Amino acid sequence: MNLSRISFFGILLFVILTPFICSKLLWLSRTQTTTGIASFTGKSMAGTYVHVYTNVFFIVGTDSIWFKGLDNVLFKEGEKVSVRYNPADPHQATLNNFASIWGGTLVYGGIPVILLLAIFLHPQIIPYKSRIRLAARMPLITIQPPQ
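First residue of the sequence shown? That's 3 in the numbering used here, and the numbers climb one at a time after it.
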């Protein structure tokens, strides 16, 4: 199968991002929201870096579930915060905001996208207007330079 350079990178981008996005959407579809209470500010050290975070708890049935919020996203003691959790595993709770839910996905999905973008933009790796041939046997990918 012969593909243009743009089509090849579009398909590759789709293949790379789909697992990250689908797994997060699947998790979101199985979660529900509740209100938690910011209880106290925690602090931990990793080498010379200090992590400051808010500890939040919420109640599921008769259990109190505690978890750490994001670094440097601090709430006042006793403040009510929105929490998103999976009823099947409430210990995997997170704050119900964009950074808490999508932050890891953006970082872990963004790193391969940046590498792919660097490869796409560099004309000496895959020349502009070249075609990419995909085969079922070795070599799997062949770059055909422009005529």
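Using N, Cα and C, we set each Cβ at its ideal position, and we do this for glycine too.
A quick note: this is a predicted structure, and the numbers were derived from the prediction, not measured.
Rounded C-alpha distance that separates Val75 from Thr50: 20 Å
Would you kindly work out how many angstroms separate the C-alpha atoms of Lys70 and Arg86, rounded to a whole number? 13 Å
Between the CA atoms of Pro114 and Thr20 - distance to the nearest angstrom: 12 Å
Distance check for Gln34 and Leu97, CA to CA, integer angstroms please. 12 Å
Going by other Cβ atoms of all chains shown within 10 Å of its Cβ, with 16 needed for buried, is Ile127 buried or exposed? exposed
Where does the unbroken alpha helix (DSSP H) through Val58 begin, and where does it stop? Per DSSP, Val58 belongs to no alpha helix (DSSP H); it is in the beta strand (DSSP E), 51 to 62.
Sub-8 Å separation of Thr144 and Ala137 beta-carbons: yes
Could you check if Ala120 is buried or exposed, using at least 16 other CB atoms within 10 Å of its CB as the buried criterion? exposed
Closest by CA to Gly111, which one among Ala90, Ser25, Leu142? Ser25
Compare the C-alpha of Tyr55 against each of Ile61, Val62, Phe42 and name the closest. Phe42
Which class does Thr107 belong to by DSSP, given the choice of helix, strand or coil? helix
Among Phe59, Gly44, Val58, nearest to Val52 - alpha-carbon criterion: Gly44
Report the three-state DSSP secondary structure of Thr36 (helix, strand or coil). strand
I think Ile134 touches Phe10, with their Cβ atoms under 8 Å apart; what is that distance to the nearest whole Å? 4 Å
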